[in-house]
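Chemist: Listed in order, the protein sequences are those of chains X and P.
With the UniProt record's numbering applied, the first sequence covers 1 to 105.
With the UniProt record's numbering applied, the second sequence covers 1 to 94.
Submitted below is the structure of interest, expressed as structure tokens.
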Amino acid sequence: MATVLDVITWMMLSLGGLVMLIGGIGILRMPDFYSRLHPASITDTLASLLILGGIVLQAGWSLASLKIAAILLFLLFTNPAASYALANAAWTAGLRPETKTNNKE
Amino acid sequence: MYIAASLAILVTMTLAIARALLGPTVYDRILAVNLFGTKTVLLLAVIAFLYGRPDFLDLALAYALINFIGVLAVLEFIQNRGIREKAQRAAKGE
Numbered sequence: 001m002a003t004v005l006d007v008i009t010w011m012m013l014s015l016g017g018l019v020m021l022i023g024g025i026g027i028l029r030m031p032d033f034y035s036r037l038h039p040a041s042i043t044d045t046l047a048s049l050l051i052l053g054g055i056v057l058q059a060g061w062s063l064a065s066l067k068i069a070a071i072l073l074f075l076l077f078t079n080p081a082a083s084y085a086l087a088n089a090a091w092t093a094g095l096r097p098e099t100k101t102n103n104k105e
Numbered sequence: 001m002y003i004a005a006s007l008a009i010l011v012t013m014t015l016a017i018a019r020a021l022l023g024p025t026v027y028d029r030i031l032a033v034n035l036f037g038t039k040t041v042l043l044l045a046v047i048a049f050l051y052g053r054p055d056f057l058d059l060a061l062a063y064a065l066i067n068f069i070g071v072l073a074v075l076e077f078i079q080n081r082g083i084r085e086k087a088q089r090a091a092k093g094e
């Protein structure tokens with residue numbers, strides 16, 4: 001039973017690390033601000049879910065699991081709000097997405 | 001396995017710092033700093049189990065709270081910048 005949990009934890013942590021790396025490369029390589037929001041959201045939702053879920057499997061039923069669940073819940077609630085506020089502020093300030101007709105000068 | 005996850009988080013934090021330094025607009029920088037803060041929370045949670053010190057989870061929880069409020073405060077500061085500049089010019093009598 002413990003071995004199975006270890007294997008599942010290992011898979012979740014390495015998958016989470018992979019998704020995290022993909023998001024990190026994406027935030028460096030994407031062309032403009034609005035497309036950079038997407039890799040940031042990937043690392044905020046899926047990677048956090050996988051990594052914190054993998055840690056919870058190791059912690060078992062304890063106070064640490066409760067704290068991790070609170071962290072995860074808080075991250076999942078606040079990150080969309082922060083992304084929305086960021087995109088709304090950029091749009092209000094007049095920043096527009098790059099298109100084929102509206103190219104970078 | 002904790003070391004692999006924390007290394008991936010550290011590399012992503014480095015990439016986010018690079019974007020914060022390169023970012024053409026101020027919003028890119030805020031986005032990168034927000035990402036950096038979220039990754040700090042995850043890194044603290046992983047380190048708590050890597051070193052077997054569950055009290056680090058309290059730090060991660062506090063950092064998650066501070067990060068969200070900090071990003072909103074910086075955004076509010078940036079949004080009102082034009083209005084404040086106009087008020088300063090009016091106070092100088094220009």
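Even glycine gets a Cβ: it sits at the ideal position worked out from N, Cα and C.
By Cβ distance, which residues of its chain are closer than 7 Å to Ser48 (chain X), with the 5 residues on each side in sequence left out?
Modeler: Counting only Cβ-Cβ distances below 7 Å, and skipping sequence neighbours, we find Leu72, Leu75.
Chemist: Going by alpha carbons, who is nearest to Leu7 (chain P) out of X:Leu5, X:Ala90, X:Leu13?
Modeler: Minimum Cα distance to Leu7 (chain P) is reached at X:Leu13.
Chemist: Output the boundary residues of the alpha helix (DSSP H) element that contains Lys80 (chain P).
Modeler: First, the amino acid is wrong: residue 80 (chain P) is Asn here, not Lys. Segment: none, Asn80 (chain P) is in no alpha helix (DSSP H) and carries neither H nor E.
Chemist: Helix or strand or just coil, what does DSSP make of Pro39 (chain X)?
Modeler: It is helical.
Chemist: So Leu5 (chain X) and Leu50 (chain X) are supposed to be a Cβ contact under 8 Å. How far apart are they, rounded?
Modeler: Their Cβ separation, rounded to whole angstroms, is 15 Å, which puts Leu5 (chain X) and Leu50 (chain X) out of contact at 8 Å.
Chemist: Would you say Tyr51 (chain P) reaches chain X, if we count a Cβ-Cβ gap shorter than 8 Å as a contact?
Modeler: Closer than 8 Å: no.
Chemist: Does the distance from the C-beta atom of Ile55 (chain X) to that of Val11 (chain P) stay below 8 Å?
Modeler: Not in contact: Ile55 (chain X) and Val11 (chain P) (Cβ atoms no closer than 8 Å).
Chemist: Could you check whether Ala87 (chain X) and Tyr34 (chain X) sit closer than 8 Å to each other, using their CB atoms as the reference points?
Modeler: Yes, the Cβ-Cβ distance between Tyr34 (chain X) and Ala87 (chain X) is below 8 Å.
Chemist: So, is Ala16 (chain P) buried or exposed, given that buried needs 16 or more other C-beta atoms within 10 angstroms?
Modeler: It counts as buried.
Chemist: Counting only beta-carbon atoms, is Arg29 (chain P) nearer than 8 Å to chain B?
Modeler: Absent here is chain B; the protein component of the structure consists of chains X and P.
Chemist: Give the single residue among X:Thr9, X:His38, X:Gly60, X:Glu98 whose Cα lies nearest to the Cα of Gly23 (chain X).
Modeler: Minimum Cα distance to Gly23 (chain X) is reached at X:His38.
Chemist: Checking contacts by CB at 8 Å: is Ser35 (chain X) closer than that to chain P?
Modeler: Chain P contact via Cβ: absent.
Chemist: With DSSP run on the structure shown, which of helix, strand or coil describes Lys100 (chain X)?
Modeler: The answer is coil: DSSP assigns Lys100 (chain X) none of H, G, I, E or B.
Chemist: Do the region 39–55 of chain P and the region 73–82 of chain P touch if we need at least three Cβ pairs shorter than 8 Å?
Modeler: Touching, no.
Chemist: Measure the alpha-carbon distance for Glu85 (chain P) versus Gly94 (chain X) and round it to whole angstroms.
Modeler: Rounded to the nearest angstrom, the two C-alpha atoms are 18 Å apart.
Chemist: Is there a Cβ from chain X that is less than 8 Å from the Cβ of Ala18 (chain P)?
Modeler: With 8 Å as the cut-off, Ala18 (chain P) counts as an interface residue toward chain X.
Chemist: Around the Cβ of Ala81 (chain X), are there at least 16 other Cβ atoms within 10 angstroms (buried) or fewer (exposed)?
Modeler: Classification for Ala81 (chain X): exposed.
Chemist: Does Phe36 (chain P) have its Cβ less than 8 Å from a Cβ in chain X?
Modeler: False, the Cβ-Cβ gap to chain X never drops below 8 Å.
Chemist: Do Ala5 (chain P) and Gly60 (chain X) count as a contact pair if the criterion is CB distance below 8 Å?
Modeler: It is not a contact, given that the beta carbons lie outside the stated cut-off.
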